[in-house]
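J.: Taking the numbering used here, I'd label the letters of the sequence shown as residues 496 to 574.
Backbone N, C-alpha and C define an ideal beta-carbon position, used for all residues, glycine too.
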Amino acid sequence: MSKGTLIGFSMLIGGIVIWIAYGLYLGFEEIMQAIDLVTGFVIGLIVIGLIVLFVSILIEQRRDTKKMKEEIKKEDLEP
């Protein structure tokens, strides 16, 4: 797993865990009524984590595709 994927996944999981813990602390009813600074921060953390995760997966897929094209002989690609 690349560093970008690890960072994105960690931010995503961390944001979700913090949001759940904060929700349990305040009570789900109160957190749905009032979006405050902490909730906004956690939502931002989750969104940024998802973006980093998707971008790193796309970069990794392109790198693997290039590597695979280099490994496959040109003759094998022709019909």
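To the nearest angstrom, how far is the alpha carbon of Ile-554 from that of Val-537?
T.: Each residue's alpha carbon lies about 26 Å from the other.
J.: Using 10 angstroms around the beta-carbon of Ser-551, count the other beta-carbons present and answer buried if the total reaches 16, otherwise exposed.
T.: Counting Cβ neighbours within 10 Å, Ser-551 comes out buried, since at least 16 surround it.
J.: In three-state terms, what does DSSP make of Ser-505?
T.: It is helical.
J.: Use the C-beta contact count for Leu-507: other C-beta atoms within 10 angstroms, 16 or more gives buried, fewer gives exposed.
T.: Under this definition Leu-507 is a buried residue.
J.: Grouping DSSP H, G and I as helix and E and B as strand, with all else coil, what is Ile-567?
T.: Residue state, collapsed to three classes: coil.
J.: Nearest to Ile-513 by CA position, among Ile-541, Ser-497 and Glu-566, is which residue?
T.: It is Ile-541.
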